[in-house]
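Participant: Residue numbers (full-length UniProt numbering): 1 to 198.
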Amino acid sequence: MKQIDKEYIKSLSDQEIVQAILKRDARVTRLYLYEMYYPIFKTRYDKYYTDCESCLEFINEIYVYLMTPTPQKGKCYLASFGFGCRLEHWLKIVVENYCHQLFKKRPMIIEVSEDSSDRKIDSIATINIKSLNQADVNAMLGLMRNKRYRDLIRYRYVEEKTNEETAELLGMSMDNYYNKHKLAKEQFTNVLKKEGLI
Numbered sequence: 001m002k003q004i005d006k007e008y009i010k011s012l013s014d015q016e017i018v019q020a021i022l023k024r025d026a027r028v029t030r031l032y033l034y035e036m037y038y039p040i041f042k043t044r045y046d047k048y049y050t051d052c053e054s055c056l057e058f059i060n061e062i063y064v065y066l067m068t069p070t071p072q073k074g075k076c077y078l079a080s081f082g083f084g085c086r087l088e089h090w091l092k093i094v095v096e097n098y099c100h101q102l103f104k105k106r107p108m109i110i111e112v113s114e115d116s117s118d119r120k121i122d123s124i125a126t127i128n129i130k131s132l133n134q135a136d137v138n139a140m141l142g143l144m145r146n147k148r149y150r151d152l153i154r155y156r157y158v159e160e161k162t163n164e165e166t167a168e169l170l171g172m173s174m175d176n177y178y179n180k181h182k183l184a185k186e187q188f189t190n191v192l193k194k195e196g197l198i
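#1: Might you give, ordered along the chain, the residues of its own chain that have their beta carbon closer than 7 Å to the beta carbon of Y98, omitting 5 neighbours on each side?
#2: Mind checking whether V191 and V158 have CB atoms under 9 Å apart?
#3: What are the partner residues of K69, as DSSP defines its beta bridges?
#4: Sort out for me which residues DSSP pairs Y49 with in a bridge.
#5: Could you have a look at D14 and say whether DSSP puts it in helix, strand or coil?
#6: Would you kindly work out how many angstroms separate the C-alpha atoms of I17 and L143, rounded to a whole number?
#7: Could you say if the segment 20 to 29 and the segment 65 to 85 meet the contact criterion of at least three C-beta pairs nearer than 8 Å?
#8: Which residues in the same chain as C76 place their Cβ atom closer than 8 Å to its Cβ, once the five residues preceding and following it in sequence are excluded?
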């Protein structure tokens with residue numbers, strides 16, 4: 001694929017991407033599903049026991065799922081995408097739900113160290129946030145019920161302030177902050193789970 005074509009295709013809107021894939025445009029399909037969105041598929045491929053030999057085969061399976069008309073609606077799953085969120089975010093949820101219904105989850109190996117569990121949860125939350133783009137992070141924060149928890153997560157993980165700086169911004173003592181910190185992370189993690197992002 002020529003560089004100029006690749007740059008043009010990368011600039012397409014979600015609507016243009018969906019229309020191109022529905023029209024079986026091989027260049028757009030390859031660039032988005034097999035290159036740019038590859039991490040979405042690889043994450044789920046590693047997370048579940050699929051019957052696919054490789055991640056490439058797994059992407060092919062999802063592609064067929066997205067493009068096959070359903071008996072109920074008479075149109076394919078991708079054609080029913082309503083553009084209520086970003087295509088990338090929608091695709092994460094669709095792939096997660098597809099895997100959740102059909103495949104068994106691989107056991108997660110979590111190393112437990114002698115350090116405080118609070119620090120371990122810190123690193124997990126950081127990884128989850130950094131794996132999302134800014135628009136998705138804002139959308140997930142918006143789904144948190146408690147504004148103080150939302151602000152805490154934003155200061156600590158999005159703006160990457162220290163625990164002390166975050167506590168000061170929220171007007172909390174450090175003891176109170178650590179209690180709220182744990183609850184905020186639990187609420188944020190629950191939102192991510194509900195949205196199928198972890």
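We put the beta carbon where it would ideally sit given N, CA and C, even for glycine.
Facilitator: The answer reads as follows:
#1: Here residue 98 is taken as the residue at index 98 of the sequence shown, counted from 1. The answer, listed in chain order, is I62 and Y65.
#2: The count along the sequence shown starts at 1 and reaches residue 191 at position 191. The count along the sequence shown starts at 1 and reaches residue 158 at position 158. In this structure, V158 does not lie closer than 9 Å to V191 by Cβ.
#3: On the sequence shown, residue 69 is found 69 positions in, with the first residue counted as 1. The question names Lys, but residue 69 is Pro in the sequence shown. Looking at the DSSP assignment, P69 forms a beta bridge with C76.
#4: Counted from its first residue, the sequence shown places residue 49 at position 49. According to DSSP, which records beta bridges pairwise, Y49 is partnered with K104.
#5: What you label residue 14 is simply residue 14 of the sequence shown in a count that begins at 1. Here D14 carries a helix assignment [DSSP, helix/strand/coil].
#6: In the sequence shown, the residue the question calls residue 17 occupies position 17. In the sequence shown, the residue the question calls residue 143 occupies position 143. Taking the straight line joining both Cα atoms gives about 27 Å.
#7: yes
#8: Start at 1 with the first residue of the sequence shown, and residue 76 comes out as number 76. Closer than 8 Å at the Cβ level, and outside the excluded window around C76, lie L22, L66, M67, T68, P69 and T70.
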